[in-house]
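When we follow my numbering, the leftmost residue of the sequence shown carries the number 15, and every step to the right adds one. Where a beta carbon is used, it is the ideal one built from N, C-alpha and C, also for glycine. Computed from a predicted structure; not experimentally measured. Working notes, structure below.
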Amino acid sequence: PVSALTGEGIEAMKDFIFDNLHFMSIYLKPQGQEADLIEPLIVKNTSTVRDVCVKLHRDFVRRFRYARVKGPSAKFDWQRVGLDHLLKDEDLLTIIIRK
15 PVSALTGEGI EAMKDFIFDN LHFMSIYLKP QGQEADLIEP LIVKNTSTVR DVCVKLHRDF
75 VRRFRYARVK GPSAKFDWQR VGLDHLLKDE DLLTIIIRK
């Protein structure tokens with residue numbers, strides 16, 4: 015049961031909706047800085063590095079050099095990947111672009 019009055023079941027309902035909309039959380043780590051583990055980027059669970067670049071800034075794809083990934087989609091920590099790399103939930107991502 016879910017109740018707006020008592021708040022009962024609200025968190026479970028949020029989790030259910032999130033899971034069934036097929037979203038995932040990607041954590042961004044700007045180059046040379048700490049990863050933002052507080053506020054993830056929410057993207058579709060079929061997202062690639064290219065999709066994240068498009069979502070962040072329109073020039074990121076054009077200026078893209080490579081990305082580094084740590085997490086479930088990487089074969090090893092901070093694997094160097096390209097635009098077509100398929101991300102997984104809870105990945106940490108650093109995008110390297112040309113100046």
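- Beta-bridge pairing by DSSP links M38 to V57.
- In this model, V95 and L42 are separated by some 15 Å (Cα to Cα).
- Contact holds between the stretch 105-112 and the stretch 73-92, because three or more Cβ pairs, one in each stretch, are under 8 Å apart.
- Distances from the CA of M38 to each of T60, L70, V75 were compared; the closest alpha carbon is that of T60.
- Listed as beta-bridge partners of K84 by DSSP are L106.
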